[in-house]
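Here is the structure we will look at.
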Amino acid sequence: DEKSLADDVAVDADGNAYVTDVKGSKLWKVGVDGEILSTLTNPLFTPKEWYKSLAGLSGIVYHPDGYLIVIHTLGGYLLKIDLAKGDEVKLIELAGGPLSFGDGLELISPTKLVVAAGNPSGRLVESTDGWETASVVAKFKGPMHRFATAATVKDGKVYLNHMVGMGYPKKTHALVEFVL
Numbered sequence: 008d009e010k011s012l013a014d015d016v017a018v019d020a021d022g023n024a025y026v027t028d029v030k031g032s033k034l035w036k037v038g039v040d041g042e043i044l045s046t047l048t049n050p051l052f053t054p055k056e057w058y059k060s061l062a063g064l065s066g067i068v069y070h071p072d073g074y075l076i077v078i079h080t081l082g083g084y085l086l087k088i089d090l091a092k093g094d095e096v097k098l099i100e101l102a103g104g105p106l107s108f109g110d111g112l113e114l115i116s117p118t119k120l121v122v123a124a125g126n127p128s129g130r131l132v133e134s135t136d137g138w139e140t141a142s143v144v145a146k147f148k149g150p151m152h153r154f155a156t157a158a159t160v161k162d163g164k165v166y167l168n169h170m171v172g173m174g175y176p177k178k179t180h181a182l183v184e185f186v187l
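What follows is the structure, encoded as structure tokens:
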């Protein structure tokens with residue numbers, strides 16, 4: 008039996024949930040009643056290097072234009088999954104470096120995405136062409152010895168949750184504002 012680990016979820020305009028499987032490199036579509044409607048797999052979900060498949064699809068957001076943006080954690084890249092085109096999967100061409108150890112995603116506008124990641128712990132990614140291409144336009148360095156695992160927006164401010172790490176200077180997790 009194949010190992011799976013549900014990691015992140017996004018909900019579309021119809022209430023369907025899309026759940027990333029960080030271990031099995033697949034995406035589940037779950038209906039409003041909780042049933043699995045489909046399982047999406049694609050060669051782009053599995054990098055050629057075996058070790059990059061140890062942590063696969065992770066963060067996911069639903070874009071208001073009807074597609075998903077997903078990050079591959081160890082691959083360090085973003086994917087666009089067009090729900091209106093039969094779940095077509097495309098690699099988003101990224102300038103400004105890979106998004107290695109990328110985890111949580113938060114769409115702060117239709118053209119701007121925050122990526123919670125390793126070091127630096129946050130990156131602002133921007134696209135001007137409907138997420139065919141994108142660029143890392145800002146980086147945020149958070150607490151030492153920590154990995155950011157999630158991003159959220161409250162009152163127009165972006166916060167990164169740093170749960171994974173050695174806990175310096177505190178043993179509990181840290182929530183830090185990503186000043187744009």
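Residue numbers for the sequence shown, in our numbering: 8 to 187.
Glycine residues also receive a C-beta, built at the ideal position from the N, C-alpha and C atoms.
Fair warning: this is a prediction, and the values are worked out from it, not measured in the lab.
- Annotation: the continuous beta strand (DSSP E) that includes Ile78 extends over Tyr74 to His79.
- With fewer than 16 other CB atoms across the displayed protein chains lying within 10 angstroms of its CB, Lys55 is exposed.
- By the criterion of at least three beta-carbon pairs nearer than 8 Å, the stretch 135–153 is not in contact with the stretch 89–96.
- The three-state secondary structure of Lys33, taken from DSSP, is strand.
- Secondary structure of Ser142 (DSSP, three-state): strand.
- Ranked by Cα distance from Lys36, the first of Ala145, Tyr69, Leu85 and Pro105 is Tyr69.
- Setting aside the 5 residues that flank it on each side, Tyr84 is surrounded in the same chain by Ile78, Leu98, Ile99, Leu101, Pro105 and Leu106, each with a C-beta closer than 8 Å to its C-beta; the list follows chain order.
- In the DSSP assignment, Ile88 forms a beta bridge with Leu75 and Val96.
- Taking 8 Å as the upper bound for CB-CB distance, Val39 and Gly22 are in contact here, some 4 Å apart.
- Around the beta carbon of Gly41, fewer than 16 other beta carbons sit within 10 angstroms, so the residue counts as exposed.
- Exclusion of the five residues before and after Val18 leaves Ala24, Tyr25 and Tyr69 as the residues of its chain whose Cβ lies within less than 8 Å of its Cβ.
- In the DSSP assignment, Thr27 falls within the beta strand (DSSP E) that extends over Ala24 to Asp28.
- If you look at Lys119, you'll find it in the beta strand (DSSP E) that goes Lys119 to Ala123.
- By the neighbour-count criterion, in which 16 or more other beta carbons inside 10 Å mark a residue as buried, Ala20 falls on the exposed side.
- In its chain, beyond the 5 residues on either side, Tyr74 and Glu95 have a beta carbon closer than 7 Å to the beta carbon of Asp89.
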